[in-house]
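K.L.:
Before I ask anything, here is the structure I am working with.
2 protein chains.
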Amino acid sequence: MTGSPLLNELIEALRCLPGVGSKSAQRMAFHLLERDRERGLRLAGALEEALRRVGHCTRCRNFSETPVCALCASTSRDRHVLCVVESAADLTAIEQATGYRGQYFVLLGRLSPLDGLGPQELGLSLLAERLAEGEIEEMIIATNPTVEGEATAHYLAELARAGGVRPTRLAHGVPLGGELEYVDRGTLAHAFGSRQLLG
Amino acid sequence: MTGSPLLNELIEALRCLPGVGSKSAQRMAFHLLERDRERGLRLAGALEEALRRVGHCTRCRNFSETPVCALCASTSRDRHVLCVVESAADLTAIEQATGYRGQYFVLLGRLSPLDGLGPQELGLSLLAERLAEGEIEEMIIATNPTVEGEATAHYLAELARAGGVRPTRLAHGVPLGGELEYVDRGTLAHAFGSRQLLG
Ligand SMILES: [Zn+2]
Ligand SMILES: [Zn+2]
């Protein structure tokens, strides 16, 4: 295709990236070869290191190359609040969007019996142990507002109450800056029903 | 940001790819870690190999990891037609869109005195030697239809005529000001097939 078998392999290999088709893969390969070999080689090294060495934190199941991740190891974070998320991507979104300074627990999925995902796969015994330590006072349940995410939230709330911990859930509503016209009906109905008195 | 320094480095490193911002870089990193470590490692290897080993063909200046590229070395391609392009990306676009089975010459740029790009930087003495071999009968000038590309085409046409070679140019159909790399295949194939003899 290009006259260089190694370049053809690179173009093909770039397609493992989500959202990258053959045209973008070509553009990326040519860009790196023509203008940015040094950063491209750094990318090769970063991929190799991360994909070989990053596993999961033994305490919160977040991605980590050490037994305990940087967030769990930090002494500057509130040890009385635990936020439970489905994925490390959700954890990152919360870190970036909010001022949250507590702990996390990553389920690496959601309850989904048909896919063979039960309490064991989500590490819920590890979570129960964590609650039993007695430090956590509030569990913020930040699973996604899907059918499975809601079922998971329900299960987690029971687990929290059983451990004497206060379960909370992210508020639902119209997204900030969103137009009513484009908000889905369920969200709109919920937001309408949960309307609040203006000060 | 994520609790894993190696993952943070990977996300940062992915931003060397054109069109990849911090949000896509995150999505890519999580995707590879969660679902596709094996293909991600293959990508690391392909990057390393291509960026360290791919140089330029000594005959046509196309990308190549061997002294002479696969296209120049092929015995099944017409040795009487030479297509001159600005970049390897343009060569690839022509290979994919048209049925062209001749030879190529890659300028790795276009005449642009203000950027210090003159005949020497574009390898035009190598091109002149090639014409002097006497095998080439037609030179298809496929520089981009930009001001600099047209000036380059003009210069190349003179070079061809001086070497007793018939210069042709891609037919109209390629949008003025457009870059070959981004032209849709049908247009490119049509323009290629309708190339015209330069007065
Ligand atoms: Zn952790
Ligand atoms: Zn070649």
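Protein sequence lines correspond, in order, to chains A and B.
Heads up, the first sequence is in full-length UniProt numbering, so the first residue is 1 and it goes up one at a time.
Heads up, the second sequence is in full-length UniProt numbering, so the first residue is 1 and it goes up one at a time.
The C-beta atom is built at its ideal place from N, Cα and C for all residues, glycine as well.
Closest Cβ-Cβ distance between B/N144 and chain A: below 7 Å?
P.N.:
no
K.L.:
Are the Cβ atoms of A/R53 and A/V106 separated by less than 7 Å?
P.N.:
no
K.L.:
Answer yes or no: do A/L7 and B/F30 have a C-beta to C-beta separation smaller than 7 Å?
P.N.:
no
K.L.:
Which chain A residues sit within Cβ distance under 9 Å of B/M1?
P.N.:
T92, E95, Q96
K.L.:
Does the CB of A/R101 have a neighbour CB from chain B at under 7 Å?
P.N.:
Chain B contact via Cβ: absent.
K.L.:
Below 9 Å on C-beta distance, what does A/F105 contact in chain B?
P.N.:
Correct list: empty, because the minimum Cβ distance to chain B is about 12 Å.
K.L.:
Quick check: what's the CA-CA separation for A/V165 versus A/E133?
P.N.:
11 Å
K.L.:
Contact between the segment 71-90 of chain A and the segment 79-98 of chain B: three or more CB pairs below 8 Å?
P.N.:
no
K.L.:
Compute the distance between the beta-carbons of B/P167 and A/R27, then report whether it is under 7 Å.
P.N.:
no
K.L.:
Could you pull out every residue in the same chain whose Cβ sits closer than 8 Å to the Cβ of A/T143, ignoring the five residues on either side in sequence?
P.N.:
V84, V85, E86, L107, R110, G149, E150, T152, A153, L156
K.L.:
For B/L14, tell me which candidate among A/A46, A/I11, A/L10, A/S24 has the shortest Cα-Cα distance.
P.N.:
The shortest CA-to-CA distance from B/L14 to any of A/A46, A/I11, A/L10, A/S24 is the one to A/A46.
K.L.:
Please classify B/Y100: does DSSP put it in a helix, a strand, or coil?
P.N.:
Residue state, collapsed to three classes: coil.
K.L.:
For the segment 40-59 of chain B, which residues have a CB atom closer than 9 Å to at least one CB atom of chain A, in sequence order?
P.N.:
G40, L41, R42, L43, A44, G45, A46, L47, E48, E49, A50, L51, R52, R53, V54, C57
K.L.:
Check whether chain B comes within 7 Å of A/L114, counting only Cβ atoms and requiring the distance to be less than that.
P.N.:
no
K.L.:
Output needed in chain order: residues of the segment 16-28 of chain A with a Cβ under 7 Å from some Cβ in chain B.
P.N.:
C16, L17, P18, G19, S24, Q26, R27, M28
K.L.:
Let me know if residue 204 of chain A comes out buried or exposed under the rule of 16 or more other beta-carbons within 10 Å of its beta-carbon.
P.N.:
Chain A is shown only over 1 to 199; residue 204 of chain A falls outside these bounds and no answer can be derived.
K.L.:
Am I right that B/A128 and B/L159 are in contact with their C-beta atoms under 8 Å? What's the rounded C-beta distance?
P.N.:
6 Å
K.L.:
Quick one: what's got a C-beta closer than 8 Å to B/Q103's C-beta in the same chain, skipping five residues either side?
P.N.:
C60, L71, C72, R77, D78, R79, V81, L82, C83, I136
K.L.:
In chain A, which residues lie with their C-beta within 7 Å of the C-beta of B/D36?
P.N.:
C16
K.L.:
Quick one: is the Cβ of B/R59 within less than 6 Å of any heavy atom of ligand 2?
P.N.:
yes
K.L.:
Check whether the Cβ of B/C83 sits closer than 6 Å to any heavy atom of ligand 2, and report yes or no.
P.N.:
Answer for B/C83: no, Cβ out of range of ligand 2.
K.L.:
How is B/L122 classed by DSSP in three states: helix, strand or coil?
P.N.:
coil
K.L.:
Starting from B/C83, follow the beta strand (DSSP E) in both directions and report where the run begins and ends.
P.N.:
81-85
K.L.:
Please compile the residues from chain B whose C-beta is within a distance smaller than 8 Å of the C-beta of A/C69.
P.N.:
In chain order, G3, S4 make up the part of chain B whose C-beta sits under 8 Å from the C-beta of A/C69.
K.L.:
Closest by CA to residue 202 of chain A, which one among A/L126, A/C16, A/D115, A/M1?
P.N.:
Beyond the ends of chain A as shown, which are 1 and 199, falls residue 202 of chain A; an answer cannot be given.
K.L.:
I'd like to confirm something about B/N62: is its beta-carbon nearer than 6 Å to some heavy atom of ligand 4, or not?
P.N.:
As for ligand 4, it is missing from this structure, which binds only ligand 1 and ligand 2.
K.L.:
Considering only DSSP beta bridges, list what B/T168 is partnered with.
P.N.:
B/I140, B/L197
K.L.:
Is B/N62 close to chain A? Criterion is C-beta to C-beta, closer than 7 Å.
P.N.:
Answer yes: the Cβ-Cβ gap between B/N62 and chain A drops below 7 Å somewhere.
K.L.:
Compute the beta-carbon to beta-carbon distance between B/A189 and B/A97, rounded to the nearest angstrom, for a pair I have assumed lies under 8 Å.
P.N.:
5 Å
K.L.:
Does the beta-carbon of A/R130 have 16 or more other beta-carbons within 10 angstroms, so that it is buried, or is it exposed?
P.N.:
Of the residues assessed, A/R130 falls on the buried side of the cut-off, its CB having 16 or more other CB atoms within 10 angstroms.
K.L.:
Alpha carbon to alpha carbon, what distance is there between B/L180 and B/T146?
P.N.:
Looking at the two C-alpha atoms, the distance is approximately 10 Å.
K.L.:
For A/L86 and chain B, any beta-carbon pair shorter than 7 Å?
P.N.:
Residue identity check: residue 86 of chain A is Glu in the sequence provided, not Leu. By this cut-off, A/E86 is not an interface position.
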